[in-house]
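*Asks:* Those sequence lines, one after another, are chains V and R.
Once you know that position 138 of the first sequence is 138 in the numbering used here, the rest is easy, because the numbers rise by one and skip nothing.
Position in the second sequence counted from 1, then plus 1000, gives you the numbering used here.
Backbone N, C-alpha and C define an ideal beta-carbon position, used for all residues, glycine too.
For reference, the structure I am asking about is given below.
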Amino acid sequence: MAAPSGPRPGWSRRAQYGLFFSFIAAIAGLAIGLVLLAFSIAAPESFKSMKGLALDATAPITEGLHAVGATVGGLASGAGDYWDAARQNGDLRRERDFMREQLITARAIRQENAQLKAALKLREETPTAVAAGRLVGSSFQSPRRFAILSAGTDDGVRIGMPVRARQGLIGRVVDAGSFASRILLISDRASIVPARLLRTGQAVIAQGRGDGSIEVKPLEVGRNPFKPGDLIITSGTGGLYPPLVPIARVSRLDGDNAIALPFAEPGAVSFAIAQQPFEPEAMAPLTEKDRELP
Amino acid sequence: MVRSALATKRKIGKGPVPGAEIVPAASVIVAILLSTLPIVAQTGWFPDFGFLILIAWRLLRGDVWPSWWAAPLGLLNDLIGGYPIGFSVSVWTASMLALDLLDRRTIWRDYWIEWALASLLILFHEAAQWQVSAWMSAPVPFSFMFAPILISIAAFPVAAWAVGRLDLWRLGRQ
């Protein structure tokens, strides 16, 4: 097929001008786009109200479709549970007995811990849950890892709050609409969580890799401290994420670092909870008084 | 005579559907809204549906919309898809301008050339996305982008087919 004869619309002066102005408008559009992009990169907070509105506008669609999907999925997996139920039952019973022993030990340790803390007069505020919601969507078209939480500023969610599930840490809020918010997942490359190796207590840093796994780096130089199967938990350093929240389990070693898989898989968790920042004072933006100090 | 008149399904006097001029832009908006599907994925391997439909329309017809329409459509994609604001505005408008300039140079067009052009634009789109992520302190290795690039390139013929059917319908040529 020969190519179309191009955009020249014949001899009409009016049509030619129209085409020319549309070309100019497109160049202007490109320039505006580049300026907006520069703002987004340099000051990510600049469009937060616009992003919040867009979240609110699309959240009902996502949540409605999510409900349909969950119902269908529930029927399928509900039927699957009956398959091989006797063996599963036995396994679960054994697991329960084992967990019961563990639970008694944990209770004793907790009591002892409380006594020791009281003796040290250590005051520690437990972070309060602000709102619970479902993870209903994600950025499945881009290399960044975001998820949509079905709770927003009406429920008390604010930008910057940490989000966790029962299984472990999910991420933190980056955009908030009235009834939906966008979460930066811990598997995103830009997410850095101060963490700790549970086995040795060594301080490490957990940074996302962008593909669902997490890279764990030790803060001190030396031998690779990780072993496959090691548990990584938050340390509470930095004041945003509360301490002792499970993050990930080490799956393999990679040079000086280790690759770990998050405990809370965003696609599988049923509820996610937004919490107050662990130490809000540490997170508060600098006031004018602080700025004056050198 | 009667038999041959009955055999053809062509309807005489059937013209374009009402609002045929905005059908392409409306279909791009629908494709943008597909990113609100409740998929919670650990990898971002899905193609950008809006971009695929946009370039499929533009490669099918040169006069499908004035080029600058790509800017507001891109803004919608940024807002709904959660991209940094301005990313799709720039990339989509730049793609339209590139195709406008290319239309003046092309002598021959066939399906393979269109697919090759679409692949180049998809490569540009994903590379821009990768670079912008790197600037926004999320530098992933470029090898992470191979899978989404290949998936998008493989998905383009589907988008082109859908757009072709839609074009026949809106012009009343079915």
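Counting contacts by CB-CB distance shorter than 8 Å, is Ile-214/V in contact with chain R?
*Replies:* Along the first sequence, one-based indexing puts residue 214/V at 214. False, the Cβ-Cβ gap to chain R never drops below 8 Å.
*Asks:* With 8 Å as the threshold, decide whether the Cβ of Thr-71/V is near any Cβ in chain R.
*Replies:* Counted from its first residue, the first sequence places residue 71/V at position 71. No, its Cβ sits nowhere closer than 8 Å to a Cβ of chain R.
*Asks:* Of all the options Val-174/V, Phe-179/V, Ser-181/V and Thr-200/V, which has the alpha carbon lying nearest to the alpha carbon of Ser-191/V?
*Replies:* Position 191 of the first sequence, counted from the first residue, corresponds to residue 191/V. Measuring from the Cα of Ser-191/V, the nearest candidate turns out to be Val-174/V.
*Asks:* Apart from the five residues on each side of it in sequence, which residues of its chain come closer than 8 Å, Cβ to Cβ, to Ser-1133/R?
*Replies:* Translated into the one-based positions of the second sequence, residue 1133/R becomes position 133. For Ser-1133/R, where only same-chain residues beyond five positions count, the Cβ hits under 8 Å are Pro-1139 and Val-1140.
*Asks:* Check the C-beta distance from Val-1030/R over to Leu-1054/R and give it rounded, since I have them as a contact under 8 Å.
*Replies:* Taking the second sequence and counting its residues from 1, the one referred to as residue 1030/R is at position 30. Taking the second sequence and counting its residues from 1, the one referred to as residue 1054/R is at position 54. With 8 Å as the limit, Val-1030/R and Leu-1054/R do not qualify as a contact, their Cβ atoms being about 12 Å apart.
*Asks:* Going by C-alpha distance, which of Gln-111/V, Pro-228/V and Glu-215/V is nearest Arg-199/V?
*Replies:* Indexing the first sequence from 1 puts residue 199/V at position 199. Closest option to Arg-199/V, Cα to Cα, is Pro-228/V.
*Asks:* Between Pro-280/V, Ile-148/V and Glu-220/V, which has its C-alpha nearest Ile-267/V's C-alpha?
*Replies:* If you number the first sequence from 1, residue 267/V lands on position 267. The sequence as given places Gly at residue 267/V; Ile does not occur at that position. The candidate whose alpha carbon is nearest that of Gly-267/V is Ile-148/V.
*Asks:* If you drop the 5 nearest sequence neighbours on each side, which residues of the same chain put their C-beta closer than 7 Å to that of Ala-1118/R?
*Replies:* The residue labelled residue 1118/R in the question sits at position 118 within the second sequence. Cβ within range, chain order: Ile-1055, Leu-1059 and Phe-1156.
*Asks:* Give a yes or no on whether the minimum CB-CB distance between Gln-1131/R and chain V is below 8 Å.
*Replies:* Numbered from its first residue, the second sequence carries residue 1131/R at position 131. Cβ-Cβ to chain V under 8 Å: no for Gln-1131/R.
*Asks:* Using CA atoms only, rank isn't needed, just tell me which of Trp-1130/R, Met-1136/R, Ser-1137/R and Val-1158/R is closest to Met-1145/R.
*Replies:* To locate residue 1145/R, count along the second sequence from 1; it is residue 145. It is Trp-1130/R whose Cα lies nearest to the Cα of Met-1145/R.
*Asks:* State the Cα-Cα distance for the pair Val-157/V and Leu-185/V, rounded to the nearest angstrom.
*Replies:* Here residue 157/V is taken as the residue at index 157 of the first sequence, counted from 1. Here residue 185/V is taken as the residue at index 185 of the first sequence, counted from 1. Distance between the alpha carbons of Val-157/V and Leu-185/V is about 16 Å.
*Asks:* In chain A, which residues lie with their C-beta within 8 Å of the C-beta of Thr-62/V?
*Replies:* Going by chain labels, chain A is absent from the structure shown, which instead holds the protein chains V and R.
*Asks:* Measure the C-alpha to C-alpha separation of Ile-41/V and Ile-109/V and round it to an integer number of angstroms.
*Replies:* The residue labelled residue 41/V in the question sits at position 41 within the first sequence. The residue labelled residue 109/V in the question sits at position 109 within the first sequence. Those two C-alpha atoms are separated by around 47 Å.
*Asks:* Can you give me the C-alpha to C-alpha distance between Pro-262/V and Ala-180/V, rounded to a whole angstrom?
*Replies:* Position 262 of the first sequence holds residue 262/V. Position 180 of the first sequence holds residue 180/V. Each residue's alpha carbon lies about 23 Å from the other.
*Asks:* With Gln-276/V as the anchor, note down where its alpha helix (DSSP H) starts and where it stops.
*Replies:* The residue labelled residue 276/V in the question sits at position 276 within the first sequence. Gln-276/V -> no alpha helix (DSSP H), and no H or E assigned at all.
*Asks:* Could you run through the region 1072-1087 of chain R and flag, in chain order, every residue whose CB is less than 7 Å away from some CB of chain V?
*Replies:* So the close ones are Gly-1074, Leu-1079, Ile-1080, Gly-1081, Gly-1082, Tyr-1083, Pro-1084, Ile-1085, Gly-1086 and Phe-1087.
*Asks:* At a CB-CB cut-off below 9 Å, which residues of chain V make contact with Asp-1048/R?
*Replies:* Here the question's residue 1048/R lines up with position 48 in the second sequence. Simply Gln-141 and Ser-142.
*Asks:* Using a Cβ-Cβ distance under 8 Å, would Asp-1100/R count as near chain V?
*Replies:* In the second sequence, residue 1100/R corresponds to position 100, counting from 1. Answer yes: the Cβ-Cβ gap between Asp-1100/R and chain V drops below 8 Å somewhere.
*Asks:* Please report whether the beta-carbon of Arg-182/V lies at a distance below 8 Å from any beta-carbon of chain R.
*Replies:* Within the first sequence, residue 182/V is the residue found at index 182, counting from 1. Closer than 8 Å: yes.
*Asks:* Given that a residue counts as buried once 16 or more other Cβ atoms are within 10 Å of its Cβ, and exposed if not, what is Ser-187/V?
*Replies:* The sequence position of residue 187/V within the first sequence is 187, counting from 1. Buried, because 16 or more other Cβ atoms sit within 10 Å of the Cβ of Ser-187/V.
*Asks:* From which residue to which residue does the alpha helix (DSSP H) around Gly-137/V run?
*Replies:* Locating residue 137/V in the first sequence gives position 137, counting from the first residue. Looking at the DSSP string, Gly-137/V is not in any alpha helix (DSSP H); the run it does join, the beta strand (DSSP E), is 135-138.
*Asks:* Just to check my reading of the structure: Ser-235/V and Pro-194/V have Cβ atoms closer than 8 Å, yes? What is that Cβ distance to the nearest angstrom?
*Replies:* Along the first sequence, one-based indexing puts residue 235/V at 235. Along the first sequence, one-based indexing puts residue 194/V at 194. Confirmed, Cβ separation roughly 5 Å.
*Asks:* Using a C-beta to C-beta distance shorter than 8 Å, which residues of chain R count as neighbours of Leu-37/V?
*Replies:* Residue numbering aside, residue 37/V sits at position 37 when the first sequence is read from its first letter. Within 8 Å Cβ-Cβ: Pro-1084, Ile-1085, Gly-1086, Phe-1087, Val-1089, Ser-1090 and Val-1132.
*Asks:* Evaluate contact between the region 1064-1080 of chain R and the region 22-30 of chain V, counting only Cβ atoms and requiring at least three cross-stretch pairs below 8 Å.
*Replies:* Counting Cβ pairs under 8 Å, three or more are found: they touch.
*Asks:* Among Ala-38/V, Pro-277/V and Gly-239/V, which one has its Cα closest to the Cα of Trp-1135/R?
*Replies:* Mapped onto the second sequence, residue 1135/R falls at position 135. Of the listed residues, the one whose Cα sits closest to Trp-1135/R is Ala-38/V.
*Asks:* Leaving aside the five residues before and after Gly-255/V along the sequence, list all residues of the same chain whose C-beta is less than 8 Å from its C-beta, in chain order.
*Replies:* Looking up residue 255/V in the first sequence gives position 255. If we look at Gly-255/V and ignore the five residues flanking it on each side, its Cβ neighbours are Asn-224.
*Asks:* Can you tell me whether DSSP reads Glu-215/V as helix, strand or coil?
*Replies:* The sequence position of residue 215/V within the first sequence is 215, counting from 1. In the structure shown, Glu-215/V sits in a strand (DSSP, three-state: E or B).
*Asks:* Name the residues in the region 1145-1158 of chain R whose C-beta lies less than 7 Å from a C-beta of chain V; which are they?
*Replies:* The residues in question are Met-1145.
*Asks:* With 8 Å set as the bound, which would you pick, yes or no: does the beta-carbon of Ser-1143/R sit closer than that to a beta-carbon of chain V?
*Replies:* Residue 1143/R sits at position 143 when you count from the first residue of the second sequence. Chain V contact via Cβ: absent.
*Asks:* For Lys-51/V, count the other beta carbons within 10 Å of its own beta carbon; 16 or more makes it buried, fewer makes it exposed. Which is it?
*Replies:* Taking the first sequence and counting its residues from 1, one reaches residue 51/V at position 51. Buried: at least 16 other Cβ atoms inside 10 Å.
*Asks:* Using the rule of at least 16 other Cβ atoms within 10 Å of the residue's Cβ for burial, across every protein chain shown, is Ser-46/V buried or exposed?
*Replies:* Here residue 46/V refers to the residue found at position 46 of the first sequence. Classification for Ser-46/V: exposed.
*Asks:* With 8 Å set as the bound, which would you pick, yes or no: does the beta-carbon of Leu-1097/R sit closer than that to a beta-carbon of chain V?
*Replies:* The residue given as residue 1097/R occupies position 97 in the second sequence. Yes, Leu-1097/R counts as interfacial toward chain V.
*Asks:* Please compile the residues from chain V whose C-beta is within a distance smaller than 9 Å of the C-beta of Ser-1119/R.
*Replies:* For the purposes of this step, residue 1119/R is taken as the residue at position 119 of the second sequence. None at all; the shortest Cβ gap to chain V is about 17 Å.
*Asks:* Would you be able to state if there are at least three C-beta pairs under 8 Å between the region 85-98 of chain V and the region 1110-1128 of chain R?
*Replies:* Touching, no.
*Asks:* Helix, strand or coil, according to DSSP, for Gly-255/V in the structure here?
*Replies:* Taking the first sequence and counting its residues from 1, one reaches residue 255/V at position 255. In this structure, Gly-255/V counts as coil in the three-state DSSP scheme.
*Asks:* Which stretch, first to last residue, makes up the alpha helix (DSSP H) that contains Phe-39/V?
*Replies:* Stepping through the first sequence from its first residue, residue 39/V is reached at position 39. Run containing Phe-39/V: 13-42, per the alpha helix (DSSP H) assignment.
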